[in-house]
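Read left to right, the sequence shown gives residues 1 to 239 (the UniProt record's numbering).
Everything on this sheet refers to the single structure shown next.
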Amino acid sequence: MYSNLNYYLGLSESLQCEFITIADSNIDGNFLVHHFISSVLKNGGKVCLFGFVQTLTHYSNACQKLGVNLQTYTDKGSFAFVDILKSICDSFLESDTLFYDISFPGYSLKGLWEVIQKNILSRSLLILDDITSLVNIGVSAQVVADLLHYCKVATHKQCVSFVILGHCNEDDVVYSRVQAFMKSYSTLAVHVSSLKTGYSSDVSGEIVIYKKKKTNRMHFKLADKDVKLFPVGTCPAVL
């Protein structure tokens, strides 16, 4: 995990009943997903990761850099990976029950929600990365919002936490609606974006943290094994 990141996010090491959303613009916000995986596992929690766009190998390599061997935690029963990417790929061949009828009127994500439910009882953190991939295969914003609602209710009824990542695209109405739904349900919303001024070797991007009606805007520098956050305006390279 990244040292001090939970402090800046206003989170305890053991997440409880949190609904955390991550939005990224022109930069990969996956480093936050890697942080939450490693942080929860190192603190004795359990994680179930639903991979919509990446393979297990991707997460294993990323978490290895943070000192976490996902295979070890899998063997302990503390980590599970659900390959949603495969289901999405299979949907184009109409061979998968989760998404094959996506073009039918009245389509819902009931099948996906049932898969999520099966992992709620035994996991303290469930991660969906990334939910906007559903939009890319034709799922409507309202159907995605319904899934978000079910997840939100679960945080209260079963005291589990969710981390949900989605990409931002201000020019796409459906993407924008999904992002609005995500933020409205969140207990903590994080938006990471590239610098508007362009590339900098000293600053990777900007992170905006929304929590309890408070907003904290900072710059960050990402390295292989850590991320450094600092107030906007304190780095000479972007003054």
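Where is the CB? At the ideal position from N, CA and C, for every residue including glycine.
It should be emphasised that the depicted structure is a prediction, and the values quoted were computed from it without experimental measurement.
Within the same chain, show all residues whose beta-carbon is closer than 7 angstroms to that of Cys63, passing over the 5 residues directly before and after it, in chain order. Locating residue 63 in the sequence shown gives position 63, counting from the first residue. Cβ within range, chain order: His34, Ile37, Ser38, Leu70.
Alpha helix (DSSP H) segments (min. 4 residues) lying fully within the stretch 50 to 93: 56 to 65, 70 to 76, 84 to 91
Near Thr74, what residues of its chain come up, given a Cβ to Cβ distance below 8 angstroms and the 5 sequence neighbours on each side ignored? Residue numbering aside, residue 74 sits at position 74 when the sequence shown is read from its first letter. Correct list, in chain order: Ala80, Phe81.
Nearest CA to the CA of Leu128: which residue from Ser201, Ser108, Phe50? By 1-based counting over the sequence shown, the position of residue 128 is 128. Per the Cα distances, Phe50.
By Cβ distance, which residues of its chain are closer than 7 angstroms to Phe31, with the 5 residues on each side in sequence left out? The sequence position of residue 31 within the sequence shown is 31, counting from 1. Answer for Phe31: Leu222, Val227, listed in chain order.
Where residue 251 and Leu85 are concerned, what is the direct C-alpha to C-alpha distance, given to the nearest angstrom? Nothing can be reported for residue 251, as the shown portion of the chain is limited to 1 through 239.
How about Thr21 and Ile164: are their beta carbons less than 8 angstroms apart? Position 21 of the sequence shown, counted from the start, is the residue given in the question as residue 21. Position 164 of the sequence shown, counted from the start, is the residue given in the question as residue 164. Yes; because the gap between Cβ atoms is below 8 angstroms, this pair is in contact.
Under the three-state DSSP convention, the category Val238 falls into: Numbered from its first residue, the sequence shown carries residue 238 at position 238. Since pLDDT at Val238 reaches only 48, below the 50 mark, its modelled position is unreliable, and no value is offered.
Can you find the residues in the same chain that come closer than 6 angstroms, C-beta to C-beta, to His149, ignoring five residues on each side of it along the sequence? The residue you call residue 149 lines up with position 149 of the sequence shown. Once the five neighbours on either side are set aside, His149 has no close Cβ partner at all.
Is Tyr210 helix, strand or coil when you go by DSSP? Residue mapping note: residue 210 aligns to position 210 of the sequence shown, counting from 1. Residue state, collapsed to three classes: strand.
With DSSP run on the structure shown, which of helix, strand or coil describes Arg217? Reading the sequence shown from its first residue, position 217 is the one you call residue 217. Note: Arg217 maps to strand in three-state DSSP.
C-beta contact flag for Asp130 and Phe19 at 8 angstroms: For the purposes of this step, residue 130 is identified with residue 130 of the sequence shown, where counting begins at 1. For the purposes of this step, residue 19 is identified with residue 19 of the sequence shown, where counting begins at 1. Their beta carbons are not under 8 angstroms apart, which means Asp130 does not touch Phe19 by this criterion.
Cβ-Cβ distance between Lys65 and Asp224 below 8 angstroms: Taking the first residue of the sequence shown as 1, we reach residue 65 at position 65. Taking the first residue of the sequence shown as 1, we reach residue 224 at position 224. Yes. Within cutoff.
Three-state secondary structure assigned by DSSP to Ser161: Within the sequence shown, residue 161 is the residue found at index 161, counting from 1. Three-state result, Ser161: strand.
Measuring only the C-alpha atoms, how far is Leu5 from Arg217? As a first step, residue 5 is located in the sequence shown; it is residue number 5 there, counting from the start. As a first step, residue 217 is located in the sequence shown; it is residue number 217 there, counting from the start. Rounded to whole angstroms, Leu5 to Arg217 spans 14 angstroms at the Cα level.
Assuming Lys211 contacts Gly10 under a Cβ cut-off of 8 angstroms, what Cβ separation, rounded to an integer in Å, is found between them? Here the question's residue 211 lines up with position 211 in the sequence shown. Here the question's residue 10 lines up with position 10 in the sequence shown. Lys211 to Gly10, Cβ: 5 angstroms. Contact.
Rounded to whole angstroms, how far is the Cβ of Val160 from the Cβ of Leu126, which I believe are closer than 8 angstroms? For the purposes of this step, residue 160 is taken as residue 160 along the sequence shown, with counting starting at 1. For the purposes of this step, residue 126 is taken as residue 126 along the sequence shown, with counting starting at 1. Going by Cβ atoms, the distance from Val160 to Leu126 rounds to 6 angstroms, so yes, they are a contact pair.
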